[in-house]
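J.: Take this structure, written in structure tokens, and hold onto it; I'll ask about it next.
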Amino acid sequence: MKLRALAIGLAAGTAFTVLPIANAQPADSISDQRIPLGEGALLGTVPGSPLGGSSFERDANFGQRFYDFNGDLGAFQPGDIIRSRTLQYHVLGVPTPLRVVQLLYKTSDANGAPQANVTSIAIPNNFNGSMVSYHSVYDSLNPEHSPSRAIAGNVSLGTASMGVETAFFANLLNQGYAMALPDIEGPEARFAVGPEYGRVTLDGLRAAMRSGELPKDVQIAMMGYSGGSIATSWAAALAPEFAPDVNEHLIGAAMGGVLVAPANNIGYIDGSPVWAGISAMTIVGVSRAIPGFDLTPYLNDYGVRILASVNRASIAEVEGQYGGLRWVDMAKPQYQKPFSIPEFVAVVNSLNIGLQPNPSIPLQIWQSTGGQNEGTIPGEEGLGDGVMLENDVRGLATKYCESGLTVEYISDPTISHTPGIAKWAMIANPWLENRLQGKPAPNNCGTYPAGTVFAPVEVQPKAEPIDPGPAQGSAALRF
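Printed below as a string of structure tokens:
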């Protein structure tokens, strides 16, 4: 938590310093969703508003009206724009001169059911005609923590990540690239559900291309770290079949801190002092996405209370707060092997990007292995950054290499997951700029160990009931 708070402060300061250089023009409404910015909102503050932010999103009812759509979604095609609004880009509630167009558009969830979602298109005044789709690490089970709300001026612990992340793409804005910033978890905050992340990202790009803000031949690159890597990897993999109209505009994707095979990550972070609670968040997120998926019959009372406690939480509220939490602490005695639960096995297989089709664009894949710095001890899964696994990420890179893709894989043993985003961004930014400028993509396929060979997890026999002992670490103190 201390590390995350320090990062927020440093990166937000960087964002405030850099964003005005983009020389963006003041916002003006492009639809009937006119945004009352209030006196002094352009470069200064609105009197009486928290953190100097503009006043419009302080009215929760007004803000929610933009997101709500009760009409017939069947009348729209995927990526069609339902409504739009124009506003100023906010960093931790403070308005900047950068103009943003927010689009409510039709998309679908992981099961193909229609829904309305929001993406934000940040457009610098020196727009050069190309765009980068940036996928946030906001990792939350609360829809109010979405990037679009943070950009509109909402301030909370859950929206603070966008203040950090603005610094990681501010240089791209200054170079004239527009930024697409989709709410990758969809309208219901279905955390860690890769198929939905990919769909809403691609439909968000369709909406951006239909907004009138981009040239018809726009080139688009994608980038994302950690939770954002889920959107990046799944969008890249789904694009050739799900959105070939978008795929023809994609010229490359950079990802770091990559989630590949959740079945392996579950074992790696089990009992971790920092990351153990993420498993509970994932169970809740997936339960919202998959009809009939409910693990509560397999959990003990303590496990049910853990899931309830994270039901609306952001990663900032969970990271480090459930230290030592283990699956066996939460499960009934006969289900102390999670892979003895058929529903669980089916879901983790469906979320394994290594079992999905291959992308068709050049990729840069970055992964650190300093996980012991965050207290995650390597087990049979091998080294990782504290939450993501090197063997799995190398395996994904190898799979893509074997399909003929141009891939640059970079491993960094010096740093762990949370601080790794800053190092990744410094490497990803020039790679993306080179792709957008038409330069050949680097390829180092075959220069690193092959990594995991992906296969579906099989259902295991139930465990012999044992007494796991008291719940471990700080998690035992929460109830």
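Numbered per mature numbering (1 follows the signal peptide of the UniProt record, and there is no 0), the sequence shown spans residues -24 to -1, 1 to 455. Virtual Cβ for every residue (Gly too), placed ideally from N, Cα, C.
Between which two residues does the alpha helix (DSSP H) containing Y376 stretch?
T.: From DSSP, the alpha helix (DSSP H) with Y376 extends over E366 to E378.
J.: Which whole-angstrom value is the C-beta distance of I127 and A229, which I expect to be below 8 Å?
T.: That belief does not hold up - the Cβ atoms of I127 and A229 are roughly 22 Å apart, past 8 Å.
J.: If you reduce the DSSP assignment to three classes, tell me which class W251 lands in.
T.: DSSP places W251 in coil when its eight states are reduced to three.
J.: So if DSSP puts A307 in a beta bridge, which residue, or which two residues, is it bridged to?
T.: L275.
J.: If you follow the alpha helix (DSSP H) that D221 is part of, which residue opens it and which one closes it?
T.: Counting along the chain, the alpha helix (DSSP H) containing D221 begins and ends at P220 to N223.
J.: Enumerated in chain order, which unbroken segments of the alpha helix (DSSP H) with a length of 4 residues or greater are wholly contained in the segment 120 to 153?
T.: The qualifying runs are 123 to 128 and 136 to 150.
J.: Going by the beta-carbon positions, is the gap between residue 469 and A213 smaller than 8 Å?
T.: Any property of residue 469 remains undetermined from this structure, which presents the chain solely from -24 to 455.
J.: Quick one, are the C-beta atoms of V250 and A168 less than 8 Å apart?
T.: Going by C-beta atoms, V250 is not nearer than 8 Å to A168.
J.: Less than 8 Å between C-beta atoms, sequence neighbours within five positions excluded: which residues of the same chain meet that for V77?
T.: Here the set comprises I6, S60, R61, T62, S96, I97, I99, S187 and E189.
J.: What do you reckon, are the CB atoms on G243 and H393 nearer than 8 Å?
T.: Not closer than 8 Å, so no.
J.: Count the other CB atoms within 10 Å of the CB of I245; is the residue buried (16 or more) or exposed (fewer)?
T.: Flag for I245 reads buried.
J.: Please specify which runs of the alpha helix (DSSP H), each continuous and at least 4 residues long, are wholly inside the segment 149 to 194, giving them in chain order.
T.: Fully enclosed alpha helix (DSSP H) runs of 4 or longer: 170 to 185.
J.: Decide if V429 is buried, meaning its Cβ has at least 16 other Cβ atoms within 10 Å, or exposed.
T.: Exposed.
J.: Who are the Cβ neighbours of V363 in its own chain at under 6 Å, not counting the five residues just before and after it?
T.: Once the five neighbours on either side are set aside, the close Cβ partners of V363 are I245, W251 and H393.
J.: Going by CA-CA distance only, name the one from V294, P309 and E295 that's closest to N276.
T.: For N276, the nearest C-alpha among the options comes from P309.
J.: Starting from the Cα of Y278, find the closest Cα among P354, P418 and R302 and give me that residue.
T.: With distances taken between Cα atoms, Y278 lies closest to R302.
J.: Taking all protein chains shown into account, decide if M306 is buried (16 or more other Cβ within 10 angstroms of its Cβ) or exposed.
T.: Classification of M306: buried, given that the 10 Å Cβ count is 16 or more.
J.: With V321 as the anchor, note down where its alpha helix (DSSP H) starts and where it stops.
T.: Taken as a continuous stretch (DSSP letters only), the alpha helix (DSSP H) holding V321 covers P318 to S326.
J.: According to DSSP, is V70 helix, strand or coil?
T.: Three-state DSSP puts V70 in a strand.
J.: Where are the beta strand (DSSP E) runs, 3 residues long or more, that stay fully inside the segment 86 to 120, in chain order?
T.: Entirely contained in the segment 86 to 120, the beta strand (DSSP E) runs reaching 3 residues are, in chain order, 90 to 99 and 107 to 111.
J.: Give the secondary structure of A212 by DSSP, where H, G and I count as helix, E and B as strand, and everything else as coil.
T.: Helix at A212.
J.: Taking the beta carbon of M402 as the centre, do at least 16 other beta carbons fall within 10 Å, making it buried, or is it exposed?
T.: When all chains shown are included, M402 counts as exposed.
J.: What do you get for Q436, buried or exposed, if any count of 16 or more other CB atoms within 10 angstroms of its CB means buried?
T.: Label assigned to Q436: exposed.
J.: Cβ atoms of A404 and M198: under 8 Å apart, would you say?
T.: Cβ atoms of M198 and A404: not closer than 8 Å.
J.: I need the DSSP call for V236, collapsed to helix, strand or coil.
T.: Looking at V236 - three-state DSSP - the assignment turns out to be coil, as it is neither helix nor strand.
J.: Straight-line CA distance for R166 to A265?
T.: Those two C-alpha atoms are separated by around 6 Å.
J.: Only counting the same chain, and skipping five residues up and downstream in sequence, which positions put a Cβ closer than 7 Å to that of S205?
T.: Within the same chain, S205 has close Cβ partners M231, G232, G233, V234 and L235.
J.: The alpha helix (DSSP H) with I341 in it runs from where to where?
T.: Where I341 is concerned, there is no enclosing alpha helix (DSSP H), although the beta strand (DSSP E) it sits in stretches over L339 to S344.
J.: Should A207 and G174 be called a contact, given that it needs their Cβ atoms to be closer than 8 Å?
T.: Against a cut-off of 8 Å, the Cβ pair of G174 and A207 comes out as a contact.
J.: With a CB to CB cut of under 6 Å and the five nearest residues on each side skipped, what residues in its chain are close to G111?
T.: The question names Gly, but residue 111 in the sequence shown is His. Excluding sequence neighbours, H111 sits near I160, G200, G204, A207 and T208.
J.: Give the DSSP-derived three-state secondary structure of E384 in the structure shown.
T.: Strand, per DSSP.
J.: Near E319, which residues of its chain fall below 7 Å by C-beta distance, leaving aside the five closest residues on each side in sequence?
T.: Cβ neighbours of E319 beyond the five flanking positions: F269.
J.: If you follow the alpha helix (DSSP H) that A404 is part of, which residue opens it and which one closes it?
T.: Segment H393 to L412, the alpha helix (DSSP H) holding A404.
J.: Report the rounded CA-to-CA distance for R281 versus V304, giving the unit in angstroms.
T.: Their backbone Cα atoms lie some 14 Å apart in a straight line.
J.: Identify the residues that DSSP records as bridge partners of G200: which are they?
T.: DSSP, once it has assigned bridges, lists H111 and M231 as partnering G200.
J.: If you draw a straight line from the alpha carbon of F38 to that of G351, how long is it in whole angstroms?
T.: With a pLDDT of only 44 at F38, under 50, the local geometry of the prediction cannot be trusted, and the value read off the model is given with reservation. Spanning the two alpha carbons is a distance of roughly 43 Å.
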